[in-house]
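These protein sequence lines map, in sequence, to chains A, B and C.
The first sequence begins at 1 in this note's numbering and counts up by one.
The second sequence begins at 204 in this note's numbering and counts up by one.
The third sequence begins at 407 in this note's numbering and counts up by one.
Since the structure comes first, as structure tokens, the remarks are kept for the end.
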Amino acid sequence: MEALLSVIEITAILAFAYSGMIHARKSGYDYVGVLTIALVSAFGGGTLRDVLLGNHPLYWIAHWEFLIYVLLLSPIALFLLRFNKDFSSRRSLMLIDALGLGLFTASGVGIALKMRTPILPAAFIGVITATFGGVLRDILSNQKPQLFQPTEPLYATCAFAGACIYISMLRLDFLPTFALVVCIAVTFLLRISAITFNLRLPF
Amino acid sequence: MEALLSVIEITAILAFAYSGMIHARKSGYDYVGVLTIALVSAFGGGTLRDVLLGNHPLYWIAHWEFLIYVLLLSPIALFLLRFNKDFSSRRSLMLIDALGLGLFTASGVGIALKMRTPILPAAFIGVITATFGGVLRDILSNQKPQLFQPTEPLYATCAFAGACIYISMLRLDFLPTFALVVCIAVTFLLRISAITFNLRLPF
Amino acid sequence: MEALLSVIEITAILAFAYSGMIHARKSGYDYVGVLTIALVSAFGGGTLRDVLLGNHPLYWIAHWEFLIYVLLLSPIALFLLRFNKDFSSRRSLMLIDALGLGLFTASGVGIALKMRTPILPAAFIGVITATFGGVLRDILSNQKPQLFQPTEPLYATCAFAGACIYISMLRLDFLPTFALVVCIAVTFLLRISAITFNLRLPF
């Protein structure tokens, strides 16, 4: 279970870091900006989770090999970006991002519950973990957060649904690993449906 | 005293959340944005206070019924907002906001002192608790914080005056409940005077 | 060593606070804005360091005389600013800021290592301590962070180089005080060279 959570975080971190680098490049930032926004996109949600829960040391301090993965990714990403100007709208990146959304929600809820957080704030911490890397990225790019735009397909809503299902299954004594897989699958499928059918909040 | 602090926080939280929702709607955000900005306006100052003081669990995790109150308020607020476009300039909302300012200052100073914070930083933490929900709201709306605008009537200044009086009265061994009421009353009256007579900082 | 770290912090804090006040005035903020941005520029990086490390009480709470120094500086700075409109481009302020950069990097790395942070995240915390006061200042001024602009001479890069040298020297069992002085000197000289020769990141 611990090992699975680790694999989950590495995959999600790289996907979020890469989309952060694209974002920083579009904002016209230099390498310091690209690396900062990549790290904030990848670790921002999890850092906020740990700071809100008082969970020290932060996971990128305890597992600092994660930092090295992002550092290694950055020159590759910059090279790719030189030849693919609008790579961010690609289907493959959307799939990885949707997977990351599910993975981060699950990890946020999991750690919150382990620290004896009641279920409603635990669900919120799951959503924050999954989405606030992107919000912090937009703030550092001096933009209105994409997360709040009525023109965007459902994102936080998918994470919240995934968090609710994860918590419910754990309460109903499902196997934790099974609940985790269902949480990730539900969030992923909801997000992909939202993109495919352009589902948005009606209000 | 504990019970009074609780009532104080609920009232203030709902007033701040409502003004946050109005703000988010004006920024053109969807329900995710409205709810996030409402929660940040209501809990942002208190969360910053708890994070700065290392006071865990955060009060919206310990008292997660507060989250439910804001969730319940949100559909009512959205309904009201549909029929009252510029409700935020209404006298009634200003009165509640001014009361909230006093209430949050008192709660911030109280918790800071309980955690053995020296008086000057405790006064600052009181002001941060009362005002930084609004600053975080403006940052999430990608606007210059209203708190720093020279065209706005005194706001942080009223909170700072209230905080100083609260601390002084506690040091002079006044009854804590009495000091609390005076702190709220002073902050409230200063703020109302500032709005009525359009008092601003001269520099 | 402790005393030296203290002197380091006071000097750096006043330099950063002053440059924050200039920035806030340029943004057209009132005294509440000027004081907040001064405090955020001076204590923001260190506060982020302490919050990320879980190092409580924050140093501006433990050493609250630092707050008084900034409060005392503010009327002097406002008076000076009235007669020197673009004081921020002055050579003297750049020198103090470059010194502050080295000082904050060293203090960040030092405290991170003392809290058993591995070396890579410790170097990052050093850079965050030195540079994120400025990033938070820019966010509160609703601007794109200067730190990420490709038109600006090297800044975070100098701090990172200083941090790496500091950590290497400590690992090679150099005298801590000597390592500290070298860290500050290297960061300072790199930054001054970057300004003089307009060195920027090539990507």
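All C-beta atoms, glycine included, are put in the ideal place defined by N, C-alpha and C.
Should Val51(A) be flagged as near chain B, meaning a C-beta pair shorter than 8 angstroms?
Taking the first sequence and counting its residues from 1, one reaches residue 51(A) at position 51. Answer yes: the Cβ-Cβ gap between Val51(A) and chain B drops below 8 angstroms somewhere.
Where Glu152(A) sits in the DSSP three-state scheme
The sequence position of residue 152(A) within the first sequence is 152, counting from 1. Here Glu152(A) sits in coil by DSSP.
Which residues of the region 41–68 of chain A have a Cβ closer than 8 angstroms to any Cβ of chain C? Give them in chain order.
So the close ones are Thr47, Val51, Gly54, His56, Pro57, Leu58, Trp60, Ile61, Trp64, Leu67, Ile68.
Shorter than 7 angstroms, the distance from the beta carbon of Asn345(B) to the closest heavy atom of the ligand SAM, or not?
Summarising the ligand content, the structure contains no ligands, and the ligand SAM is consequently not present.
Assuming contact is defined by CB atoms lying nearer than 8 angstroms, are Leu507(C) and Thr593(C) in contact in what I supplied?
Within the third sequence, the letter at position 101 stands for residue 507(C). Within the third sequence, the letter at position 187 stands for residue 593(C). Yes, the Cβ-Cβ distance between Leu507(C) and Thr593(C) is below 8 angstroms.
Neighbourhood of Lys347(B) by C-beta distance below 8 angstroms, restricted to the same chain and skipping five residues each side
Along the second sequence, one-based indexing puts residue 347(B) at 144. By the criterion of a C-beta distance shorter than 8 angstroms, Lys347(B) is surrounded in its chain by Asp341, once the five residues flanking it on both sides are discounted.
Going by other Cβ atoms of all chains shown within 10 Å of its Cβ, with 16 needed for buried, is Gly231(B) buried or exposed?
Here residue 231(B) corresponds to residue number 28 of the second sequence, with the count starting at 1. Under this definition Gly231(B) is an exposed residue.
Members of the region 538–558 of chain C near chain A, C-beta cut-off 9 angstroms
Considering only beta carbons, the part of the region 538–558 of chain C lying closer than 9 angstroms to chain A consists of Val541, Asp544, Ile545, Asn548, Gln549, Lys550, Pro551, Leu553, Phe554, Gln555, Pro556, Thr557, Glu558, in chain order.
Count the other CB atoms within 10 Å of the CB of Arg171(A); is the residue buried (16 or more) or exposed (fewer)?
Here the question's residue 171(A) lines up with position 171 in the first sequence. Counting Cβ neighbours within 10 Å, Arg171(A) comes out exposed, since fewer than 16 surround it.
What is the residue span of the alpha helix (DSSP H) that Gly126(A) lies within?
Mapped onto the first sequence, residue 126(A) falls at position 126. Element bounds for Gly126(A): 119–140.
Return helix, strand or coil for Phe14(A), following the three-state DSSP convention.
Here the question's residue 14(A) lines up with position 14 in the first sequence. Here residue 14(A) turns out to be Leu, not Phe, going by the sequence shown. Under the three-state reduction of DSSP, Leu14(A) is assigned to helix.
Run through chain B and tell me which residues come within less than 9 angstroms of Leu190(A), C-beta to C-beta.
Along the first sequence, one-based indexing puts residue 190(A) at 190. Scanning chain B for C-beta atoms nearer than 9 angstroms to the C-beta of Leu190(A) yields nothing, as the closest lies near 14 angstroms away.
Per-residue DSSP class, three states only, for Phe489(C)
For the purposes of this step, residue 489(C) is identified with residue 83 of the third sequence, where counting begins at 1. Phe489(C) falls in the helix class under three-state DSSP.
Considering just the uninterrupted stretch of the alpha helix (DSSP H) at Tyr465(C), what are its terminal residues?
Position 59 of the third sequence, counted from the start, is the residue given in the question as residue 465(C). Counted as a single uninterrupted DSSP element, the alpha helix (DSSP H) harbouring Tyr465(C) occupies residues 465–468.
Could you list which residues in chain B have their beta carbon closer than 8 angstroms to that of Phe203(A), in chain order?
Within the first sequence, residue 203(A) is the residue found at index 203, counting from 1. Within 8 angstroms Cβ-Cβ: Asp233, Tyr234, Leu281.
Minimum C-alpha distance to Cys158(A) - residue among Gly133(A), Leu175(A), Tyr18(A), Val127(A)
What you label residue 158(A) is simply residue 158 of the first sequence in a count that begins at 1. Relative to Cys158(A), the option among Gly133(A), Leu175(A), Tyr18(A), Val127(A) whose CA is nearest is Val127(A).
Inter-residue spacing [alpha-carbon to alpha-carbon] between Phe472(C) and Gly539(C):
As a working note, residue 472(C) is residue 66 in the third sequence. As a working note, residue 539(C) is residue 133 in the third sequence. When rounded, the separation of the alpha-carbon atoms in Phe472(C) and Gly539(C) is 15 angstroms.
Residues of the region 517–529 of chain C whose Cβ lies closer than 7 angstroms to any Cβ of chain A, in chain order:
Listed in sequence order: Thr523, Pro524, Leu526, Pro527.
Leaving out the 5 sequence neighbours to the left and right, which residues in its chain are closer than 8 angstroms to Val457(C) when beta-carbon positions are compared?
As a first step, residue 457(C) must be located in the third sequence, where it is residue number 51. Sequence-distant Cβ neighbours of Val457(C) in its own chain, meaning closer than 8 angstroms and more than five residues away, are Leu464.
Are the region 239–248 of chain B and the region 217–224 of chain B in contact at 8 angstroms, needing three or more beta carbon pairs?
In short, these stretches touch, since the Cβ pair count reaches three.
Contact check, Ala504(C) vs Arg597(C), beta carbons under 8 angstroms
In the third sequence, the residue the question calls residue 504(C) occupies position 98. In the third sequence, the residue the question calls residue 597(C) occupies position 191. Result yes, Cβ atoms of Ala504(C) and Arg597(C) sit closer than 8 angstroms.
When you compare only the Cα positions, how much space is there between Ala12(A) and Pro121(A)?
In the first sequence, the residue the question calls residue 12(A) occupies position 12. In the first sequence, the residue the question calls residue 121(A) occupies position 121. In this structure, the straight-line span from the alpha carbon of Ala12(A) to that of Pro121(A) is close to 22 angstroms.
Out of Leu93(A), Val181(A), Tyr155(A), Ile61(A), which has the shortest C-alpha to C-alpha gap to Asn198(A)?
For the purposes of this step, residue 198(A) is taken as residue 198 along the first sequence, with counting starting at 1. Of the candidates Leu93(A), Val181(A), Tyr155(A), Ile61(A), the residue whose Cα lies closest to the Cα of Asn198(A) is Tyr155(A).
For Lys317(B), report the span of its alpha helix (DSSP H) as first-last.
Against the second sequence, residue 317(B) aligns to sequence position 114. Element bounds for Lys317(B): 294–317.
Closest to Ile571(C) by C-alpha separation, out of Ala468(C), Thr453(C), Met427(C), Gly516(C), would be which residue?
On the third sequence, residue 571(C) is found 165 positions in, with the first residue counted as 1. Per the Cα distances, Gly516(C).
So Thr442(C) contacts chain B; which residues on that side make the cut at Cβ distance below 7 angstroms?
Stepping through the third sequence from its first residue, residue 442(C) is reached at position 36. Those within 7 angstroms of Thr442(C) in chain B are Phe351.
Against Thr412(C), what residues of chain B qualify as contacts under a CB-to-CB distance less than 7 angstroms, listed in chain order?
Position 6 of the third sequence holds residue 412(C). Rather than Thr, the amino acid found at residue 412(C) in this sequence is Ser. Listed along the chain, the chain B residues whose CB falls inside 7 angstroms of the CB of Ser412(C) amount to none; the nearest CB is some 17 angstroms away.
Excluding sequence positions up to five away, which residues of its chain have a Cβ less than 8 angstroms from the Cβ of Ala364(B)?
Here residue 364(B) is taken as the residue at index 161 of the second sequence, counted from 1. Leaving aside the five residues that flank Ala364(B) on each side, the residues in its chain whose CB is nearer than 8 angstroms to its CB run, in chain order, Val389, Thr390, Leu393.
Between Ile370(B) and the rest of its own chain, which residues show a CB-CB distance below 7 angstroms, the 5 nearest in sequence each way excluded?
Start at 1 with the first residue of the second sequence, and residue 370(B) comes out as number 167. Answer for Ile370(B): Val312, Ile322, Ala325, Ala326, listed in chain order.
State the CB to CB distance for the pair Thr416(C) and Tyr475(C), rounded to an integer number of angstroms; the pair is presumed to be in contact (CB under 8 angstroms).
Position 10 of the third sequence, counted from the start, is the residue given in the question as residue 416(C). Position 69 of the third sequence, counted from the start, is the residue given in the question as residue 475(C). First, the residue type needs correcting, since residue 416(C) is Ile and not Thr in the sequence shown. Confirmed, Cβ separation roughly 7 angstroms.
Under 7 angstroms by beta carbon: chain C residues contacting Ala359(B)
The residue given as residue 359(B) occupies position 156 in the second sequence. The contact set of Ala359(B) on chain C, defined by CB atoms closer than 7 angstroms, consists of Val438 in chain order.
Find the residues of chain B that neighbour Ser433(C), judging by a C-beta separation of less than 9 angstroms, and give them in chain order.
Locating residue 433(C) in the third sequence gives position 27, where the first residue counts as 1. Lys347, Phe351, listed in chain order.
Flag this pair as yes or no: are the beta carbons of Thr332(B) and Leu350(B) separated by less than 8 angstroms?
One-based indexing of the second sequence puts residue 332(B) at position 129. One-based indexing of the second sequence puts residue 350(B) at position 147. One thing to note: Thr332(B) has its Cβ no nearer than 8 angstroms to the Cβ of Leu350(B).
Mind checking Asp233(B): buried by the 16 CB within 10 Å criterion, or exposed?
Numbered from 1 along the second sequence, position 30 holds the residue referred to as residue 233(B). Per the 10 Å Cβ criterion, buried.
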